[in-house]
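Each residue of the sequence shown is one higher than the last, beginning at 890 in our numbering. Worksheet: the structure to be examined is printed underneath.
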Amino acid sequence: MDIEPHDGFPPRPERNISPQLVEVAMGSRAKLMNQKPAVLWFTGLSGAGKSTIANHLKKLLNDDGRHTILLDGDHIRRGLNSDLGFAEADRAENIRRIAEVTKLMTEAGLIVIVACISPFRSGRQFARDLMEPGEFIEIFVDAPLEECIQRDPKGLYKRALSGELHHFTGIDSPYEPPECPELHLRTAGADPAQLARKVETFLRGKFY
890 MDIEPHDGFP
900 PRPERNISPQ
910 LVEVAMGSRA
920 KLMNQKPAVL
930 WFTGLSGAGK
940 STIANHLKKL
950 LNDDGRHTIL
960 LDGDHIRRGL
970 NSDLGFAEAD
980 RAENIRRIAE
990 VTKLMTEAGL
1000 IVIVACISPF
1010 RSGRQFARDL
1020 MEPGEFIEIF
1030 VDAPLEECIQ
1040 RDPKGLYKRA
1050 LSGELHHFTG
1060 IDSPYEPPEC
1070 PELHLRTAGA
1080 DPAQLARKVE
1090 TFLRGKFY
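Here it is in structure tokens:
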């Protein structure tokens, strides 16, 4: 599959690479797992509720016998992407790496739950284009900035507003909300467990 480069994302050097033929077809893996691979990409401001809903969803799917993996932005920042900062180029690279790892997971037949701010539309579009048609489900976890500042579970907004923390999404770095997400979850006053069930209902019948 040829991937067109997006803003901030380098073209893939496919001319110099000869992929190894994989003899186990993706369809065979999906049949073995009794599910279709899917990407559930949760995007939204820090404190909007992405990780909370994603964790509820993972438990729901696991309890139903589904094969899943959760890629949380904070965890990936501490490991695979610990060499990256928060300037715009580093943010783009952060999403590129997450998208590439996600692609590998879908090729293994998994339902991949991704919870990361992913502030730029170009990054989310890159991830979508990397997947097979219909695999990518963009989920906008929507909470007003004022609500996120009030919640501030990690104390990051306080640091950003005081000037201690720079390049913080929603304060001095922009967040570009999805224009046509597959799911739009408004979290102010909502029960995260119920929102996770809404996502699970959306998946049922489409991917398993």
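Glycine is no exception: its CB is placed at the ideal position from the N, C-alpha and C atoms. As the structure is a prediction and not an experimental result, all values here were calculated from the model.
- By the C-beta criterion, the region 927-942 is judged to be in contact with the region 1081-1089, since at least 3 inter-stretch pairs fall below 8 Å.
- Note that the C-beta distance between ILE1026 and THR957 is not below 9 Å.
- The C-beta distance from SER1007 to THR932 rounds to 5 Å, short enough to meet the 8 Å contact threshold.
- Within a 10 Å sphere around the beta-carbon of ALA976 sit fewer than 16 other beta-carbons, which makes this residue exposed.
- For SER1062, DSSP records a beta bridge to THR1058.
- Apart from the 5 residues on each side of it in sequence, ASP1031 sits with its Cβ closer than 8 Å to the Cβ of GLY933, ALA937, PRO1066, HIS1073, LEU1074, ARG1075 and THR1076 in its chain, given in chain order.
- Annotation for HIS1073: the continuous beta strand (DSSP E) segment containing it runs 1072-1075.
- Sixteen is the threshold: since fewer than 16 other Cβ atoms of the shown chains lie within 10 Å of the Cβ of GLU1035, the residue is exposed.
- Under the three-state reduction of DSSP output, ALA988 falls in the helix class.
- When DSSP reads this structure, ASP1031 sits in a beta bridge with ARG1075.
- Note on ASN983: 16 or more other CB atoms within 10 angstroms of its CB, so buried under the neighbour-count rule.
- In this structure, CYS1005 is the residue among PRO926, LEU1050 and CYS1005 with its C-alpha nearest to the C-alpha of LEU960.
- In the structure shown, the three-state DSSP call for ILE1038 is helix.
- Look at PHE975 here: in three-state DSSP terms it is coil, with no helix or strand label.
- Contact between ARG966 and PHE1015 does not hold, since the beta-carbon distance rounds to 18 Å and is not under 8 Å.
- The C-alpha of PRO1042 is placed about 30 Å away from the C-alpha of LEU999.
- Going by DSSP, PHE931 is part of the beta strand (DSSP E) stretching over 927-932.
- In the three-state reduction of the DSSP assignment, LEU999 falls in the coil class.
- The alpha-carbon separation between LEU1050 and ASP1061 amounts to approximately 9 Å.
- Non-local beta-carbon contacts of LYS992 in its own chain, meaning distances under 8 Å to residues more than five positions away in sequence, involve LEU1019 and MET1020 in chain order.
- Note on geometry: alpha-carbon atoms of LYS1047 and PHE1029 lie some 24 Å from one another.
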